[in-house]
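Scroll down for the structure; my scribbles are underneath it.
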Amino acid sequence: MSNYLGIATVTATLQRMLQQSVQMDVEGARVTTNRPENTGGTPETGISIYLYHLKRNTSLGNADMPPRQRKGELTKRNQLPIDLYYLLSCYGNEIELEPQRLLGSAIRTLEDRAVLSSQMIRETVNDPSYPFLANSDLSEQIEMIRAEFVPVSTDELSKVWSVFFQTPYVLSVIYKITVVVLDGEEPAMVALPIRDRSLNAWAFSKQPTIDFVMSTEGRYQPIFTHSTLLIRGKMLANANASIRIGGVEVAPGTVQDQEITLALTLVPPEALRPGVQGLQVIHGQRLERGSTNSPMQERVESNVAPFVLRPGIKEVNLLDGSGTDDEPRDAEVEVVTDVRVGQDQRVILILNEQTSLQPAAYIFNAQPRNNNTVRLIFSLKAIKNSNYLVRIQVDGAESLCQIDSDRHSPTFDQYISPTITIP
Numbered sequence: 001m002s003n004y005l006g007i008a009t010v011t012a013t014l015q016r017m018l019q020q021s022v023q024m025d026v027e028g029a030r031v032t033t034n035r036p037e038n039t040g041g042t043p044e045t046g047i048s049i050y051l052y053h054l055k056r057n058t059s060l061g062n063a064d065m066p067p068r069q070r071k072g073e074l075t076k077r078n079q080l081p082i083d084l085y086y087l088l089s090c091y092g093n094e095i096e097l098e099p100q101r102l103l104g105s106a107i108r109t110l111e112d113r114a115v116l117s118s119q120m121i122r123e124t125v126n127d128p129s130y131p132f133l134a135n136s137d138l139s140e141q142i143e144m145i146r147a148e149f150v151p152v153s154t155d156e157l158s159k160v161w162s163v164f165f166q167t168p169y170v171l172s173v174i175y176k177i178t179v180v181v182l183d184g185e186e187p188a189m190v191a192l193p194i195r196d197r198s199l200n201a202w203a204f205s206k207q208p209t210i211d212f213v214m215s216t217e218g219r220y221q222p223i224f225t226h227s228t229l230l231i232r233g234k235m236l237a238n239a240n241a242s243i244r245i246g247g248v249e250v251a252p253g254t255v256q257d258q259e260i261t262l263a264l265t266l267v268p269p270e271a272l273r274p275g276v277q278g279l280q281v282i283h284g285q286r287l288e289r290g291s292t293n294s295p296m297q298e299r300v301e302s303n304v305a306p307f308v309l310r311p312g313i314k315e316v317n318l319l320d321g322s323g324t325d326d327e328p329r330d331a332e333v334e335v336v337t338d339v340r341v342g343q344d345q346r347v348i349l350i351l352n353e354q355t356s357l358q359p360a361a362y363i364f365n366a367q368p369r370n371n372n373t374v375r376l377i378f379s380l381k382a383i384k385n386s387n388y389l390v391r392i393q394v395d396g397a398e399s400l401c402q403i404d405s406d407r408h409s410p411t412f413d414q415y416i417s418p419t420i421t422i423p
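Going by full-length UniProt numbering, the first residue of the sequence shown is number 1, and it counts up by one from there.
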């Protein structure tokens, strides 16, 4: 198995091996990894090794199947076995038959040393000429790496030259290097082995079922962090009943077979998020384990029931503002909520001008956040200077505006807060 340097390491190993051979057979010959080009005039004597194609190795076709556990987690790193196809092109003085001598030397070397051994690969990696291969681990690969001559027709070889290079043909052959197994770097997870096996028997527990969750103030009333939830369903009663919400479990208030109440003030504040929340009823029952008589806990979980938790606005602060006369303003506004907003939750600020004459309305996105927070910052651009009602929307859950209930007030039955003034 190899990391991403495996392909380059094979090319360098071939270059180093052929260089040691051909320089003894043809004086001044050099082995390069350059693309075959039409150099014109008298080309440099030597061999060009060019990787022009690769294919998935069919004999190890199942090696790249991602092994996963039932939950989809990788149990080992992904692998891809590939074969590399190289074009060996020979250049030199045709009168002295240098291309043919170079080709003969290369073929002899690749037949004599067809297997690229771990020792050859290690020597290449440690060669000062290849400092960029220092982190290669191809030498640790278990599968053998070998060179194979690929017989091709004149027509196939001419297609390679005309499609890939579009330069005049020179004496060349094709070799296949098989097989290089590239490893992925995504970390895998393997569970611990089963520590013990035992046979237990107990009566099938009745699974609680939640039909719906609502506020105790009414089914269509909004739910806030200070609300009390009414959970309706079947088979909810249990001596060890608990409620799972926001990743934590809390003890409910009243528990009946078809109804449970839960005050959200009992839930740790850091567990709640505005938007859609999931809720489960958990039943626990202590049982006796078969052979060891040690108690074990059976837990029966209900279905997950959703409800929408609306954010509440505690403060609205104008942090900064610019603009003069009647020109549009730029401002920065801070909104403090009564529930933590997740780092990745989508938050928008909604402003509605407090006027009955063509009121202006604006929507602004919150600035990026580095953590879960109750303080949200919004950058306002080109906004009219006026008084505005303020709302926020977090993943679709919208805060509410307060309505004036004073019958003697000039704003009776109108929205009056929260507000902000853009001077």
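Beta carbons are placed, not taken as given, at the ideal position from N, Cα and C, and that holds for glycine.
Whole-angstrom distance between Asp211 and Glu249, CA atom to CA atom: 20 Å
I'd like to check one pair, Pro99 with Leu157: are the Cβ atoms closer than 8 Å? no
Buried or exposed: where does Leu266 fall if 16 or more other Cβ atoms within 10 Å of its Cβ makes it buried? exposed
Using a Cβ-Cβ cut-off of 8 Å, state whether Pro208 counts as contacting chain C. The structure shown contains no chain C, having only a single protein chain.
Which of the three DSSP states is assigned to Val22 in this structure? helix
Using 8 Å for Cβ pairs, my map puts Asn78 next to Gly184. What's the rounded Cβ distance? 4 Å
Is it true that the CB of Gln343 sits closer than 8 Å to the CB of Val394? no
Could you check whether Val160 and Tyr52 sit closer than 8 Å to each other, using their CB atoms as the reference points? yes
Assigned secondary structure, Ile95 (DSSP; H/G/I helix, E/B strand, else coil): coil
Output yes or no for whether 8 Å exceeds the beta carbon distance between Ile142 and Val179. no
Using DSSP's beta-bridge definition, name the partner residues of Arg299. Gly284
Nearest residue (CA-CA) to Arg113, options Arg16, Val181 and Thr32: Arg16
Which residue wins for smallest C-alpha separation from Asn385, given the options Val374, Tyr415, His226 and Leu351? Leu351
In this structure, does DSSP put Ser294 in helix, strand or coil? Because the pLDDT of Ser294 is 46, which lies under 50, any placement of that residue in the model is unreliable, and the number read from its coordinates should be weighed accordingly. Note: Ser294 maps to coil in three-state DSSP.
Contact set for Ala251: own chain, Cβ-Cβ below 7 Å, skip 5 residues either direction: Ser242
Using three-state DSSP, classify Asn3 as helix, strand or coil. coil
If I measure Cβ to Cβ from Gln280 and keep anything under 6 Å in the same chain, skipping five residues before and after, which residues do I get? Arg244, Glu301, Ser302 and Val304
Tell me the start and end of each unbroken alpha helix (DSSP H) in the segment 98–136 that is at least 4 residues and wholly inside, in chain order. 98–112 and 118–126
According to DSSP, which residues form a beta bridge with Arg56? Ile82
Alpha helix (DSSP H) runs contained entirely in the segment 216–294, provided each spans 4 or more residues: none
Sorted by chain position, which residues of the same chain lie with C-beta nearer than 7 Å to Asp257's C-beta, five sequence neighbours on each side aside? Met235, Leu236 and Ala237
Measuring CB to CB, does residue 428 end up less than 8 Å from Val26? Here the chain has residues from 1 to 423 only, and residue 428 is not among them.
Rounded separation between Ser118 and Val150 - CA only: 24 Å
Whose C-beta lies closer than 6 Å to the C-beta of Val255 among residues of the same chain, with five residues either side of it excluded? Ala237 and Ala241
Going by DSSP, what residues sit across from Asp404 in a beta bridge? DSSP output for Asp404 lists no bridge partner at all.
Go ahead and label Pro81 buried or exposed: buried means 16 or more other beta carbons lie within 10 angstroms of its beta carbon, across all protein chains shown. buried
Buried or exposed for Thr337, going by 16 or more other Cβ atoms inside 10 Å? buried
Rounded straight-line distance, which links the Cα of Asp83 to that of Arg101: 27 Å
DSSP state of Glu27, grouped into three classes? coil
Do Pro36 and Ser21 come within 8 Å of each other at the CB atom, strictly closer than that value? no
Provide the residue(s) that pair with Arg329 in DSSP beta bridges, ordered along the chain. Ile383
From Gly247 to Phe224, what distance separates their C-alpha atoms? 18 Å
Tell me the rounded alpha-carbon separation between Gln221 and Val276. 15 Å
In the DSSP assignment, what are the bridge partners of Ile377? Glu334
Taking 8 Å as the threshold, find out whether the segment 324–335 comes into contact with the segment 365–381 through three or more Cβ pairs. yes
Could you compute how far the alpha carbon of Pro268 sits from the alpha carbon of Met214? 20 Å
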